[in-house]
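Reviewing the structure listed below.
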Amino acid sequence: MLGPLDTSHGMEIAQLLLSLLHSWGLDNDLDRVCQVKLGLLRPMVPISFGLLSKANQMSLFLPTWNSAILVDDESVPEELTSTSIDDKLAHMYPELLKREHLTRIFTSHTHWELSTTLTSNHLLAIIALSHTLMSMSNATFVPEQERNRKLHRQSTRVNWSKTDEEHEEMYTQQQAQIKQGWSLLATLHCVLLPDKVVEAGAKNFKRPQVEMMAKRWQHHCVEVREAAQTLLLAELSRMGPKGRKALVDAWAQYLPLYTQTETINQQAVSSPGLNHVNSGQVQQSPETAEEEFEEEEEEQVRKPSSLSELKRKQSTAVILLGVIGAEFGQDITGVDNNKRRASEERRKSSVVEGFGQGNNNLARLTAMALSHLLLAPPSPKLPAHIPLRRAAIDLIGRGFTVWAPFLDISKVLLGEAEFEIQTGKKRPKIC
Numbered sequence: 001m002l003g004p005l006d007t008s009h010g011m012e013i014a015q016l017l018l019s020l021l022h023s024w025g026l027d028n029d030l031d032r033v034c035q036v037k038l039g040l041l042r043p044m045v046p047i048s049f050g051l052l053s054k055a056n057q058m059s060l061f062l063p064t065w066n067s068a069i070l071v072d073d074e075s076v077p078e079e080l081t082s083t084s085i086d087d088k089l090a091h092m093y094p095e096l097l098k099r100e101h102l103t104r105i106f107t108s109h110t111h112w113e114l115s116t117t118l119t120s121n122h123l124l125a126i127i128a129l130s131h132t133l134m135s136m137s138n139a140t141f142v143p144e145q146e147r148n149r150k151l152h153r154q155s156t157r158v159n160w161s162k163t164d165e166e167h168e169e170m171y172t173q174q175q176a177q178i179k180q181g182w183s184l185l186a187t188l189h190c191v192l193l194p195d196k197v198v199e200a201g202a203k204n205f206k207r208p209q210v211e212m213m214a215k216r217w218q219h220h221c222v223e224v225r226e227a228a229q230t231l232l233l234a235e236l237s238r239m240g241p242k243g244r245k246a247l248v249d250a251w252a253q254y255l256p257l258y259t260q261t262e263t264i265n266q267q268a269v270s271s272p273g274l275n276h277v278n279s280g281q282v283q284q285s286p287e288t289a290e291e292e293f294e295e296e297e298e299e300q301v302r303k304p305s306s307l308s309e310l311k312r313k314q315s316t317a318v319i320l321l322g323v324i325g326a327e328f329g330q331d332i333t334g335v336d337n338n339k340r341r342a343s344e345e346r347r348k349s350s351v352v353e354g355f356g357q358g359n360n361n362l363a364r365l366t367a368m369a370l371s372h373l374l375l376a377p378p379s380p381k382l383p384a385h386i387p388l389r390r391a392a393i394d395l396i397g398r399g400f401t402v403w404a405p406f407l408d409i410s411k412v413l414l415g416e417a418e419f420e421i422q423t424g425k426k427r428p429k430i431c
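Positions 1 to 431 (UniProt numbering) are the ones given, in order, by the sequence shown.
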């Protein structure tokens, strides 16, 4: 027992979550780092995950129940029989070997073949926690290293001896190794996961939902926000030009056509095919609307069945097309004439149709939507401080060279300045 040096419940929960969600078996070297340096615990049996719906109903995924994953006795790797389980136990309980092999199969790739929603939630959790721990000083779950971290924080730095300096150098090296471990963990799940999972034998990898990441582009939790932005940009890059074009084609139909006085809610009321829906369905608070996004199992955009769902899809379309336009719609022009030809070739292959010089209709409509969200006066339907408005400000800045031809720049600058002033007044003072 560590007594007063016990880790907090928050750290224990983080250790449990990362231990259960990490893709054990994809990278043996990283697995050793996670166990030895970071203090993660490798699961002994496969985990059954679940999802909670908006109505607080739970759906459970039981892929390892009743031999759902078929494993032949002859397929158990030799390394398990020699390293993982004692020879006597292996002889007495051969099912232990089979169970450990089953666990390795599940954690390495079956985990990521269950559900797109599950993949999205788990990747968000892993990356958000990894980045948080990476930003902390010597954050590890190894008890001895955690004790050293707290003792180091409490120690004084007066009249240091040669031994103290050596200990400080070792502590600095250890901290660098721990930060690198968290960085490698985040990189595996953000960048390398799709290829690694396929190499491990996955036949139907469930990719993270770009729609879910777009909805969390300006999440109130900074760590979740940064994780969602990182995942969305990585997934859009992985799609390639054809994938991004298909995504734009699917969501362009929901891009609202803003005017100077029309809001997104007014457009929803006037949309054809939905006039039979009771207008009372639209009356909901922005916080409720933000949390009630429906998570679709596939990246197929179905037609909205209600005004509230149409409003959510319009909001998602603005952010998603804003991200694609800002990150992949900029004209790549070289400063030097020698680079111009190469830049043109790269531009033609990367710029999404509708955001280039020849066809800029989508860029114009997206710029108008972002500008409207920034400049529209606060109202019950569009309050001043909501994630959608913050996302519009962020995306205007990210893709300013794309939106500038279609913006009233003076109004935009004044609007951003006014928003910052109002936001500053609401921030708590730190003494």
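Cβ coordinates follow ideal geometry from the N, Cα and C atoms, glycine included.
Residue burial is scored here from C-beta neighbours: Glu235 has at least 16 other C-beta atoms within 10 angstroms and is therefore classed as buried. The beta carbon of Ser120 is closer than 6 angstroms to those of Pro208, Gln209 and Met212 in its chain, skipping five residues each way along the sequence. Three or more pairs of CB atoms, one per stretch, sit closer than 8 angstroms, so the region 45-55 contacts the region 100-111.
Taking Leu20 as the centre and dropping the five residues before and after it, the same chain places the C-beta of Pro43 and Ile47 closer than 8 angstroms to its C-beta, in chain order. Rounded to the nearest whole angstrom, the C-alpha separation of Gln57 and Thr117 is 15 angstroms. Taking each of Leu62, Asn204 and Gln218 in turn and checking the Cα distance to Leu395, the smallest one comes out for Gln218.
When C-alpha distances from Lys381 are compared across Phe400, Arg312, Val412 and Leu60, the shortest belongs to Arg312. For Ile393, the CB contacts under 7 angstroms within the same chain, skipping 5 residues up- and downstream, are Leu374, Glu416 and Phe419 in chain order. Taking a 10 Å sphere around the C-beta of Glu100, we find 16 or more other C-beta atoms and assign the residue as buried. Annotation: the continuous beta strand (DSSP E) that includes Met58 extends over Met58 to Leu60. Distance between Cys190 and Leu184, taken at the CA atoms: about 10 angstroms. Taking 8 angstroms as the cut-off, the Cβ atoms of Ala227 and Ala139 do not count as close.
Between Ala214 and Leu320, the C-beta gap is smaller than 8 angstroms, which places the two residues in contact.
Here Asp249 has no same chain residue with a Cβ atom under 6 angstroms from its own Cβ, once five neighbours each way along the sequence are excluded.
Taking Leu60 as the centre and dropping the five residues before and after it, the same chain places the C-beta of Ser48 and Gly50 closer than 7 angstroms to its C-beta, in chain order. Less than 8 angstroms divides the Cβ of Leu388 from the Cβ of Ser315.
Residue range Val222 to Trp251 is occupied by the alpha helix (DSSP H) that includes Gly240, with no beta strand (DSSP E) assigned at that position. Its Cα nearest to that of Pro256, the residue Leu310 stands out among Leu310, Trp182 and Asn204. Cβ atoms of Ser379 and Val412 stay farther apart than 8 angstroms, at about 19 angstroms. DSSP places Leu375 in the uninterrupted alpha helix (DSSP H) bounded by Asn361 to Leu375. Leu414 counts as exposed, since fewer than 16 other C-beta atoms from the protein chains shown sit within 10 angstroms of its C-beta. The C-alpha of Ala200 is placed about 7 angstroms away from the C-alpha of Leu26. Of Pro194, Ala202, Ser137 and Leu193, the smallest CA-CA separation from Gln174 is found for Ser137. When the beta-carbon positions are compared, Met239 and Lys179 stay at least 8 angstroms from each other. Gly397: member of the alpha helix (DSSP H) spanning Pro387 to Arg398, first to last residue. Beta bridge pairing from DSSP links Leu20 with no other residue. Thr132 and Cys221 have their C-alpha atoms some 12 angstroms from each other. Annotation: Gly25 is outside any beta strand (DSSP E) and is labelled neither H nor E by DSSP. Rounded to whole angstroms, the Cβ separation of Ala369 and Tyr258 is 5 angstroms, and the two are in contact under 8 angstroms. Annotation for Leu232: Val210, Met213, Ala214, Trp217 and Val323 place their beta carbon closer than 8 angstroms to its own, counting only its chain and skipping 5 residues before and after. Boundaries of the beta strand (DSSP E) around Leu51: Gly50 to Leu52. In chain order, Gln15, Thr140, Phe141 and Val142 place their CB closer than 7 angstroms to the CB of Gly39, counting only its own chain and leaving out the 5 sequence neighbours on each side. Between Leu407 and Ala367, the gap from beta carbon to beta carbon is short of 8 angstroms.
Annotation: Pro194 to Thr172 spans about 34 angstroms, alpha carbon to alpha carbon.
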